[in-house]
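The structure appears below as C-alpha cells.
In this note's numbering, the protein residues as written are 117 to 329.
Given below as C-alpha cells:
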C-alpha cells in the first residue's frame with residue numbers, strides 16, 4: 117500500500133511538471149504583469165477547473181473515498197464540477213454578488229460555458245477586465261475553501277460571511293490597481309469602484325460600505 121501511494125505521488129509530480137511547462141509555453145506571463153494583477157487562469161484552483169480536475173464528490177465516490185454525494189453548500193443536489201461551479205444556488209448567488217459589485221454581466225451555463233464567457237468577454241490587459249477575471253477567481257477559490265471546510269472540518273460559514281470574505285478580497289485586489297488608461301469609461305468605473313484614477317490616494321470603495329460589512 118505504501119509503495120502504491122509513493123507511485124501515485126511520483127506520477128502526480130510528473131504530470132504537474134508537465135502541465136506547468138505546457139501552461140508556461142501556451143500562456144506566458146507578461147513582464148508587465150505583477151502578482152497584484154491576478155489573472156484567473158494562473159490560479160491553481162482555476163487551472164484545475166479549466167482542466168476539469170477538481171476532486172468533486174462524483175470523482176471521489178469512484179474511488180470509494182466518500183459515501184455522501186450531496187453538495188455540502190446547498191445539500192440539495194449531488195456535487196459535480198458543473199453543479200459546484202455554478203449551478204449550486206449558493207455558488208450562483210455568490211458569483212452574482214461579485215458581478216453586481218463590479219458591474220459586470222454574470223455568466224451562466226455549465227462550467228465550460230462560464231469559463232468561455234469569462235475568457236471571451238474579459239480578455240485583454242485593461243484594468244477593468246483584469247479585475248473581472250480576478251473576481252471570478254476570488255469567488256471560485258472562496259467556494260472551494262468553504263466546500264472543503266464543510267466536508268473535512270465540519271465548519272460552516274453563513275452566506276453573509278462568504279459575501280464579506282469575497283468583498284474584502286475584491287477590495288484588496290482593487291486597492292492594488294496602480295495604473296489605468298485614462299479613458300472616460302475607465303475613469304467613471306474607477307470612481308464607482310472607489311479607485312482614484314490618478315492614484316494619488318485610496319479610499320474604501322462605496323460598494324464595500326453597505327450592510328455594515
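Note that beta-carbon positions come from the ideal geometry of N, C-alpha and C, so glycine has one too.
Helix, strand or coil at residue i according to DSSP, with G and I counted as helix
i, result
"residue 168", "coil"
"residue 249", "helix"
"residue 271", "coil"
"residue 192", "coil"
"residue 145", "Legend: pLDDT at residue 145 = 37, less than 50; position of this residue unreliable, no value from coordinates given."
"residue 309", "helix"
Outcome for residue i when other beta-carbon atoms lying within 10 angstroms are tallied against a minimum of 16
i, result
"residue 160", "exposed"
"residue 171", "exposed"
"residue 195", "buried"
"residue 214", "buried"
"residue 239", "exposed"
"residue 312", "exposed"
"residue 89", "Outside the shown range of the chain, which is 117 to 329, sits residue 89, and nothing can be said about it."
"residue 216", "exposed"
Nearest to residue i (by Cα), restricted to the options the options
i, options, result
"residue 183", "175, 190 and 189", "175"
"residue 274", "164, 190 and 165", "190"
"residue 201", "301, 308, 255 and 267", "255"
"residue 243", "186, 180 and 289", "289"
"residue 245", "221, 181 and 264", "221"
"residue 310", "287, 173 and 252", "287"
"residue 278", "169, 305 and 212", "212"
Integer Cβ distance of residue i from residue j, believed to fall under 8 Å
i, j, result
"residue 210", "residue 282", "6 Å"
"residue 336", "residue 234", "Residue 336 lies beyond the range of the chain shown here (117 to 329); nothing can be said about it."
Within-8 Å CB hit, residue i to chain B
i, result
"residue 305", "Absence of chain B from the displayed structure is noted, only one protein chain being present."
Inter-stretch contact at 8 Å, needing at least 3 Cβ pairs: the segment 260-278 / the segment 287-307: Flag = no, the segment 260-278 and the segment 287-307 do not touch.
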